[in-house]
Amino acid sequence: MAAFTSPAQWLGYLAFALGVACFAQSNDRRFKLFMAGECAAYIGHFLLLGQPTAVASTSVSLLRSLAALRWRGPRVGLSFMALSLALGGVFMHGALSLLPIAASCIGTFALFFLQGLRMRLLMLGGTLLWLVNNLCVGSIGGSLLELVLAVTNARTCWRLHQASQVSKAPGG
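Quick note on our numbering: the sequence shown kicks off at 706 and runs consecutively.
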């Protein structure tokens with residue numbers, strides 16, 4: 706694991722701060738801009754940690770966040786999934802490389818093809834893949850961020866599930 710105060714870890718801490726700020730935004734445009742900032746910090750972080758597949762996957766996520774400011778639709782989502790798979794194939798260097806590739810594709814599919822609880826559950830799966838990746842590569846800020854996002858998203862999923870059960874109940 707890189708030293709707690711290495712430049713790589715400082716960029717991870719910056720990604721953590723931007724990621725938390727991202728999910729605190731109620732305005733969709735600011736949400737996407739903060740997410741792009743988080744991805745930019747992550748790119749430098751993973752570059753310094755020597756993780757080219759994570760750099761490629763995070764670069765696709767950065768482009769996806771910026772594109773989502775302007776475009777939506779299945780074609781856009783499929784294009785980003787294809788880009789994730791292509792770059793992942795180029796930079797893959799072992800089984801661990803599959804985690805960011807899968808997380809990127811899962812996140813893209815969730816954002817462009819699903820909504821509500823199903824979208825959030827799939828995003829939770831992608832978050833857990835990033836968490837495992839970050840723990841394996843020694844990303845302190847990245848691991849903390851994904852842990853916070855996983856807990857927050859799991860709580861939101863539970864609340865959405867409970868709300869759907871109430872609405873299905875007789876007289877609900």
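The beta carbon of each residue, even a glycine, is placed where N, CA and C say it ideally should be.
Predicted model only: the values in this text are computed from it and were never measured.
Going by DSSP, what residue range makes up the alpha helix (DSSP H) through residue i?
i	result
residue 776	Segment: none, residue 776 is in no alpha helix (DSSP H) and carries neither H nor E.
residue 798	Counting along the chain, residue 798 falls outside any alpha helix (DSSP H), and DSSP gives it neither H nor E.
residue 746	733-753
residue 832	821-842
residue 756	No alpha helix (DSSP H) contains residue 756, which DSSP labels as neither H nor E.
residue 712	712-728
Alpha carbons only, please: which of the options is nearest the one belonging to residue i?
i	options	result
residue 744	722, 873 and 870	722
residue 729	714, 853, 767 and 831	853
residue 751	726, 719 and 781	719
residue 760	734, 792 and 859	792
residue 741	757, 763 and 753	763
Go ahead and label residue i buried or exposed: buried means 16 or more other beta carbons lie within 10 angstroms of its beta carbon, across all protein chains shown.
i	result
residue 812	buried
residue 714	buried
residue 776	exposed
residue 815	buried
residue 710	exposed
Any heavy atom of the ligand COA inside 7 Å of the beta-carbon of residue i?
i	result
residue 708	Although the ligand COA was asked about, the structure shown includes no ligands whatsoever.
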